[in-house]
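One structure is given below, encoded as structure tokens.
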Amino acid sequence: MKPLFHVGGFPVRVHPFFFLSALATGWGVGLAPERWALWMGVAFVSVLLHECAHGWVLRRFGADARITLHGLGGTTESTREVSHRQAVGVSLAGPAMGLVLGGLAWTVSRATAPEAGGLAHEVARQVLWVNLGWALINLLPVQPLDGGDALASFVRARAGSRHERALRILGIGTSAVMLGGALWSRTVWVGLLAVLLGWLNVRQLRRLPPPRPAPVRRIASQRPSAEGAVTLDELLGRGASAPAGGGEARPPGPRASSVQERLARQEQEEPELPPDSAAVGQLLLDSGLAALAVRPLQEAFDREPSAHAGHALVLALLEAGRTAELCALLSGPHAAHLSEGTLSTISARAGQDPGLTDRVTLARQTRAPKSDERG
Numbered sequence: 001m002k003p004l005f006h007v008g009g010f011p012v013r014v015h016p017f018f019f020l021s022a023l024a025t026g027w028g029v030g031l032a033p034e035r036w037a038l039w040m041g042v043a044f045v046s047v048l049l050h051e052c053a054h055g056w057v058l059r060r061f062g063a064d065a066r067i068t069l070h071g072l073g074g075t076t077e078s079t080r081e082v083s084h085r086q087a088v089g090v091s092l093a094g095p096a097m098g099l100v101l102g103g104l105a106w107t108v109s110r111a112t113a114p115e116a117g118g119l120a121h122e123v124a125r126q127v128l129w130v131n132l133g134w135a136l137i138n139l140l141p142v143q144p145l146d147g148g149d150a151l152a153s154f155v156r157a158r159a160g161s162r163h164e165r166a167l168r169i170l171g172i173g174t175s176a177v178m179l180g181g182a183l184w185s186r187t188v189w190v191g192l193l194a195v196l197l198g199w200l201n202v203r204q205l206r207r208l209p210p211p212r213p214a215p216v217r218r219i220a221s222q223r224p225s226a227e228g229a230v231t232l233d234e235l236l237g238r239g240a241s242a243p244a245g246g247g248e249a250r251p252p253g254p255r256a257s258s259v260q261e262r263l264a265r266q267e268q269e270e271p272e273l274p275p276d277s278a279a280v281g282q283l284l285l286d287s288g289l290a291a292l293a294v295r296p297l298q299e300a301f302d303r304e305p306s307a308h309a310g311h312a313l314v315l316a317l318l319e320a321g322r323t324a325e326l327c328a329l330l331s332g333p334h335a336a337h338l339s340e341g342t343l344s345t346i347s348a349r350a351g352q353d354p355g356l357t358d359r360v361t362l363a364r365q366t367r368a369p370k371s372d373e374r375g
């Protein structure tokens, strides 16, 4: 989809479902039909400024951004990778903008005291509700909301990808609490949002690799052996144990290696498993971070080419707008692993790019069997 317009130097794409979602939200909060047009304008501007805040922080870190408004609000996609610590600031910038706008609306309404039921009063009320209300919801620790993304980036900066399952389980629990609150308050759109967020986190949880079993299970399954045993005296650094009768202690033999050396050898035998790059890339892609998903998906496709891995990589390249890398993929050694459905997706998204269309055509001709192979 081509950008509809630019704001602050950022290209902005708008899906029709954004307006449908905004209209449904206005109906869900009980707005009168004559106020819906005002509500649509307030929601559009507020969400756009929210996403611009993400983009401004990305630009501060040396990256550029593309904005997309869709049914869940909006997404700001970076044109290059940022660190996990920087991603925390990027995620929190959007809710911070909402809190600032809501605070300004509240201050102005208190200072001017507009007439109840008038246009100015309604504008202040809607700006306050959209920005403060959505900012508080958006700070909940569930991905892909900003609060969940900020928490995930903070955890990854401190501990890598070891706690992905815990983050997804936290998101599922938060979604369940949201759903309970929506049922209690009879807020339809919050309930629908909670169901969608819960489903996304359950889906991502199922895609994560199974947790690695504790090393003690493998050790316990081995047969006991006295080889390399350490006596109490050796453990305490006293050398070999003294013989009975008070004779001289024997010098330590070759078995008296230190406990630290044995532990070091054990750690070498059980290296830390690398993260599943395909799962990490798919997680980033489903979270709307296509630019960040390209690298792990590329690694997964290069390591084990398959139609599924190739399709995920193509989707990430298309969403990130990396046409040059997509052309290189189509002419690369693994192009034969791209399915016909993947090539059709590229053709549908190629738009007015003749070079990309030609590469797809060439890839199809290369895949086509020769005349003597058709029988």
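So in the UniProt record's numbering, spot 170 of the sequence shown is number 170, and the numbers just go up one at a time. Ideal Cβ positions, reconstructed from N, Cα and C, are used throughout, including at glycine. Please read all numbers here as calculations on a predicted model, not as lab measurements.
query	result
Under three-state DSSP, which class holds H15?	coil
Could you please give the first and the last residue of the uninterrupted alpha helix (DSSP H) stretch that includes R66?	Careful: R66 lies outside any alpha helix (DSSP H), inside the beta strand (DSSP E) at 65–70.
Using only CA atoms, which one of H121, L101, G98, L99 lies nearest to S109?	H121
Identify whether T107 lies in helix, strand or coil by the three-state DSSP scheme.	helix
Indicate the three-state DSSP secondary structure (helix, strand or coil) for S161 in the structure shown.	coil
Just the C-alpha distance for V82 and L343, rounded to the nearest angstrom, thanks.	30 Å
Are the beta-carbon atoms of N138 and G94 separated by less than 8 Å?	yes
If you draw a straight line from the alpha carbon of E269 to that of G181, how long is it in whole angstroms?	Only weak support is given to the placement of E269: the predicted model assigns it a pLDDT of 49, under 50, and the value that follows is read from those uncertain coordinates. Cα to Cα, the separation comes out at about 50 Å.
Just the C-alpha distance for P16 and H70, rounded to the nearest angstrom, thanks.	7 Å
Any contact between the stretch 98–105 and the stretch 70–79? By contact I mean 3 or more CB pairs, one from each, below 8 Å.	no
My output table needs one value for T75: the three-state DSSP class, helix, strand or coil.	strand
With C-beta atoms as the reference, is G281 less than 8 Å away from A300?	yes
Mind checking which residues open and close the beta strand (DSSP E) that includes V7?	5–7
Compute the Euclidean distance between the alpha carbons of R207 and A278, then round it to the nearest angstrom.	10 Å
From S161 to I169, what does the alpha carbon distance come to, in whole angstroms?	14 Å
What is the DSSP secondary structure of F301, counted as helix, strand or coil?	helix
On the DSSP letters alone, give me the boundaries of the alpha helix (DSSP H) that N138 sits inside.	134–138
Please list the terminal residues of the continuous alpha helix (DSSP H) segment that includes R59.	36–60
If I measure Cβ to Cβ from V190 and keep anything under 6 Å in the same chain, skipping five residues before and after, which residues do I get?	A182
In the DSSP assignment, find the unbroken alpha helix (DSSP H) run with L285 in it and report its ends.	277–286
Roughly how many angstroms separate the alpha carbons of V177 and L197, rounded to a whole number?	12 Å
Out of curiosity, what's the CA-to-CA distance linking R349 and R158?	38 Å
Let me confirm a value: T68 is counted as buried when at least 16 other C-beta atoms fall within 10 Å, else exposed. Which label applies?	buried
So, using beta-carbon positions, are residue 376 and R59 closer together than 8 Å?	Outside the displayed span of the chain (1 to 375) sits residue 376, for which this structure offers no information.
Compute the distance between the beta-carbons of P141 and T174, then report whether it is under 8 Å.	yes
Could you give the DSSP three-state label for H311: helix, strand or coil?	helix
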